[in-house]
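Order-wise, the sequence lines are chains L and Z.
For the first sequence, numbering that gives the first Met the number 0 gives the first residue as 0, with consecutive numbering after it.
For the second sequence, numbering that gives the first Met the number 0 gives the first residue as 0, with consecutive numbering after it.
By construction, the Cβ of each residue, glycine as well, lies at the ideal position given by its N, Cα and C atoms.
Structure record follows, encoded as structure tokens.
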Amino acid sequence: MMNRRTLFGASAATASFVGALFGSKKASTATTTSSKFSSADVEPRGSKGRLERLPRQHLEAQHDFITGFRVFANRDMTSAARRRIAKIMRAKGIDPTKRLSYKEVLGHVGGDPLVAASARMWLSAQQINWKTLYDEFHGNANAYLAEMEATDNAGPGTLELNPDMYIPEYLTHEIHIQPGGYVGDEFAGHIYHYGTNNFFEGRNDQDELHIGLATAMPEPEDGKVVRVLDQGCSCGQLSVALKERFPDAEVWGIDVGGPMVRYAHMRAVDIGIDVNFAQRLAEDSKFPDNHFDIATNNIMFHEVTTEAAHEILAESFRVLRPGGVYYPIDFYTGNPAPKGVFSTFRQWWDSRWNGEPWRLDYAKFDMAAAMRKAGFIVNENGPPSRRGARRNILGTKPT
Amino acid sequence: MADSNSKRKSYTADFIKSDTDEAVFLGNPLMDDMMTSIIALGAEVWANRRRTRIIELLMEKEGAVTREMIEAYVPTEDEEAEMRDERDAFIQLTYGHIARTGEDQTALDGSAKTNPGKASANETDDDMTGDAGMGMGG
Ligand SMILES: C[S@@+](CC[C@H](N)C(=O)[O-])C[C@H]1O[C@@H](n2cnc3c(N)ncnc32)[C@H](O)[C@@H]1O
């Protein structure tokens, strides 16, 4: 295993950046930090397993708080709002599990202070989450950019950036209200990675969830896995986990966000995993026909338009070889959709105010029919991707 | 959002800004902002409590503390677990009562007393069939 820290010697540049962070000229390392800093590696508080700790004690503590607050918002506030909604609906003689349009739902429960506060508090925490990270990375932009530059051309693995690439407008929203979204901020990968760590309430700090998905990944019937594609790879956690699951395969992670794949590559180099990352579109991936044995994606489809979803399925069919498998992981694919007033309310504010403009369309998308239309043989009862799920949709390209 | 002082490449593209800063859930934009402020203050209070605890731990272990030592300190698993319990108790103390807000005061006729947000271009009258996944797929 190659580690970026062992590729370079210690350097004054890092020491002065660390010094600046600490208000002192003296560099200080955390107990788990290697004494050999790369010329550009910014890791003043060391790593915990494969996670580089946030670079300042105060920021780490703020994120510890946000993690705890997310738990509170997701559990206490959510169950309080759920109970309240049930109470309001019953008082009106309406079954709270009934499927209503969200305009009806807002009319019934939107004015309730507790219900409103449940959404407000979640979103406020989300805003604070992004701001603290944005301030850190932009406040020390030169050092963090230098860190990425140092690995742009380093291995293992490769990085392909396409700054002049056509980016469809639908991909340029600030999804999850992340500043700049996936394409508009040079630290999109950094911000996404640490912002989702607390979103997952600390349960994915070591990529546990992604490793679980990679472990569940179905193989083609003939067992041949030479090339694997991860579409919408973000900071590359699933791509890396797929390489670990299929060490002999060539693994590709593609994403529309240049800063996303740049960060993904830096991180993969840092942990010594050989993955190829490229800034490309899932619907126009530039790979040859019949190229991959497995193509997958995690929580990507709910962030694309219906039109793009059809294009992505057609492209996935094209690049998979006969017998190759397609395993999209997201809400609803493979699990019956829950319904009810509370769920509708949550979906509404998530879409409208948490920057998920396409998820309401996705909720209506018939993935199985669309996959069949693209040419796949579809198994709607494919193996589940994670514990708690009963099944996941699975497509196979006919031989 | 490239750093204006930097000639380094950012590999960014134009993006569409969200309007979430305009969201009004609590009937008055100031109330919404106050909620965000109160949560941000919680993060600061907690960060300072954690820092105090780290200073105490360093004093016990090393007898002296410098700023560098505080910055570099990585709590042990046991210390983390202890602080996590403290953090959760702090959050319950500070915000737990909000989860019990208005049990008795809320009018159950559902009359909309506050505006949960302005209408959106994405809104349609259609039913939705999805689950209650929070944001990024949780
Ligand atoms: C919610 S993130 C998913 C993260 C990642 N798959 C994971 O499991 O952590 C969605 C990602 O898909 C990317 N994406 C969405 N649509 C895409 C498309 N059509 N082509 C390429 N990337 C896309 C976004 O840029 C974003 O990074």
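(request) Return yes when the C-beta of residue 311 (chain L) is under 8 Å from any heavy atom of ligand 1, and no when it is not. (result) As a working mapping, residue 311 (chain L) is identified with position 312 in the first sequence. Yes, since a heavy atom of ligand 1 falls inside the 8 Å radius drawn around the Cβ of residue 311 (chain L).
(request) Have a look at residue 42 (chain L) and residue 316 (chain L) and give me their C-alpha separation to the nearest angstrom. (result) Locating residue 42 (chain L) in the first sequence gives position 43, counting from the first residue. Locating residue 316 (chain L) in the first sequence gives position 317, counting from the first residue. Roughly 41 Å separates the two Cα atoms.
(message) For a test of the three-state rule: what should DSSP assign to residue 341 (chain L), helix, strand or coil?
(response) What you label residue 341 (chain L) is simply residue 342 of the first sequence in a count that begins at 1. Helix.
(message) Please identify, using Cβ separations under 9 Å, the residues of the region 56 to 68 of chain L that lie next to chain Z, in order along the chain.
(response) 56, 57, 58, 59, 60, 61, 62, 63, 64, 65, 66, 67, 68
(message) Assuming contact is defined by CB atoms lying nearer than 9 Å, are residue 188 (chain L) and residue 233 (chain L) in contact in what I supplied?
(response) By 1-based counting over the first sequence, the position of residue 188 (chain L) is 189. By 1-based counting over the first sequence, the position of residue 233 (chain L) is 234. Closer than 9 Å, so yes.
(request) Could you tell me which of L:265, L:263, L:254 sits nearest to residue 422 (chain L), measuring between CA atoms? (result) Outside the displayed span of chain L (0 to 398) sits residue 422 (chain L), for which this structure offers no information.
(message) Quick check: is the beta carbon of residue 73 (chain Z) nearer than 9 Å to any beta carbon in chain A?
(response) The question asks about chain A, but that chain is absent: this structure's protein chains are L and Z.
(request) Return yes when the Cβ of residue 354 (chain L) is within less than 9 Å of the Cβ of residue 36 (chain Z), no when it is not. (result) In the second sequence, counting from the first residue as 1, residue 36 (chain Z) sits at position 37. In the first sequence, counting from the first residue as 1, residue 354 (chain L) sits at position 355. No, the pair does not count as a contact, with Cβ atoms beyond the cut-off.
(request) Look at the alpha carbon of residue 323 (chain L) and the alpha carbon of residue 310 (chain L), and state the distance between them as a whole number of angstroms. (result) Here residue 323 (chain L) refers to the residue found at position 324 of the first sequence. Here residue 310 (chain L) refers to the residue found at position 311 of the first sequence. Distance between the alpha carbons of residue 323 (chain L) and residue 310 (chain L): 18 Å.
(request) Identify whether residue 93 (chain L) lies in helix, strand or coil by the three-state DSSP scheme. (result) To locate residue 93 (chain L), count along the first sequence from 1; it is residue 94. Residue 93 (chain L) falls in the coil class under three-state DSSP.
(request) Measuring alpha carbon to alpha carbon, tell me which of L:344, L:169, L:313 ends up nearest residue 95 (chain L). (result) Locating residue 95 (chain L) in the first sequence gives position 96, where the first residue counts as 1. Residue L:344 is the option with its Cα nearest to residue 95 (chain L).
(message) Please state whether the Cβ-Cβ distance between residue 367 (chain L) and residue 392 (chain L) is less than 9 Å.
(response) For the purposes of this step, residue 367 (chain L) is taken as residue 368 along the first sequence, with counting starting at 1. For the purposes of this step, residue 392 (chain L) is taken as residue 393 along the first sequence, with counting starting at 1. For residue 367 (chain L) and residue 392 (chain L), yes; Cβs fall inside 9 Å.
(request) Can you give me the Cβ contacts of residue 300 (chain L) inside the same chain, cut-off strictly under 8 Å, excluding the 5 residues immediately before and after it? (result) Within the first sequence, residue 300 (chain L) is the residue found at index 301, counting from 1. Closer than 8 Å at Cβ, skipping near neighbours: 308, 311, 327, 329, 332, 361, 364, 366.
(request) Provide the residue span of the beta strand (DSSP E) that contains residue 320 (chain L), from first to last. (result) The residue labelled residue 320 (chain L) in the question sits at position 321 within the first sequence. Looking at the DSSP string, the run of the beta strand (DSSP E) that includes residue 320 (chain L) is 319 to 328.
(request) Anything in the region 3 to 19 of chain Z with a Cβ closer than 7 Å to a Cβ of chain L? List those residues in chain order, please. (result) 5, 7, 9, 10, 11, 12, 13, 14, 15, 16, 17, 19
(message) Taking a contact to mean a Cβ-Cβ separation below 9 Å, would you say residue 60 (chain L) touches residue 42 (chain Z) in this structure?
(response) Residue 60 (chain L) sits at position 61 when you count from the first residue of the first sequence. Residue 42 (chain Z) sits at position 43 when you count from the first residue of the second sequence. Yes, Cβ-Cβ distance for residue 60 (chain L) and residue 42 (chain Z) is below 9 Å.
(message) Any beta carbon of chain Z sitting closer than 9 Å to that of residue 285 (chain L)?
(response) For the purposes of this step, residue 285 (chain L) is taken as the residue at position 286 of the first sequence. Closer than 9 Å: no.
(message) Could you check whether the Cβ of residue 82 (chain Z) sits closer than 9 Å to any Cβ belonging to chain L?
(response) If you number the second sequence from 1, residue 82 (chain Z) lands on position 83. Closer than 9 Å: yes.
(message) For chain Z, check one thing: does any of its Cβ atoms lie closer than 9 Å to the Cβ of residue 172 (chain L)?
(response) Here residue 172 (chain L) refers to the residue found at position 173 of the first sequence. It does; some Cβ of chain Z falls within 9 Å.
(message) Given this structure, state the Cα-to-Cα distance separating residue 303 (chain L) from residue 280 (chain L), to the nearest angstrom.
(response) Reading the first sequence from its first residue, position 304 is the one you call residue 303 (chain L). Reading the first sequence from its first residue, position 281 is the one you call residue 280 (chain L). When rounded, the distance between both Cα atoms is 11 Å.
(request) Have a look at the DSSP bridge pairing and note the partners of residue 251 (chain L). (result) Reading the first sequence from its first residue, position 252 is the one you call residue 251 (chain L). The partner list for residue 251 (chain L) (beta bridge, DSSP) reads L:228, L:275.
(message) Quick check: residue 155 (chain L) and residue 267 (chain L), are their CB atoms within less than 9 Å of each other?
(response) Within the first sequence, residue 155 (chain L) is the residue found at index 156, counting from 1. Within the first sequence, residue 267 (chain L) is the residue found at index 268, counting from 1. Going by C-beta atoms, residue 155 (chain L) is nearer than 9 Å to residue 267 (chain L).
(request) Reducing DSSP to helix, strand and coil, say where residue 398 (chain L) ends up. (result) Looking up residue 398 (chain L) in the first sequence gives position 399. Three-state DSSP puts residue 398 (chain L) in coil, outside helix and strand.
(request) May I have the straight-line CA-CA distance separating residue 298 (chain L) from residue 75 (chain L), to the nearest angstrom? (result) Within the first sequence, numbered from 1, the residue matching residue 298 (chain L) stands at position 299. Within the first sequence, numbered from 1, the residue matching residue 75 (chain L) stands at position 76. Near 25 Å, if we compare the C-alpha coordinates of residue 75 (chain L) and residue 298 (chain L).
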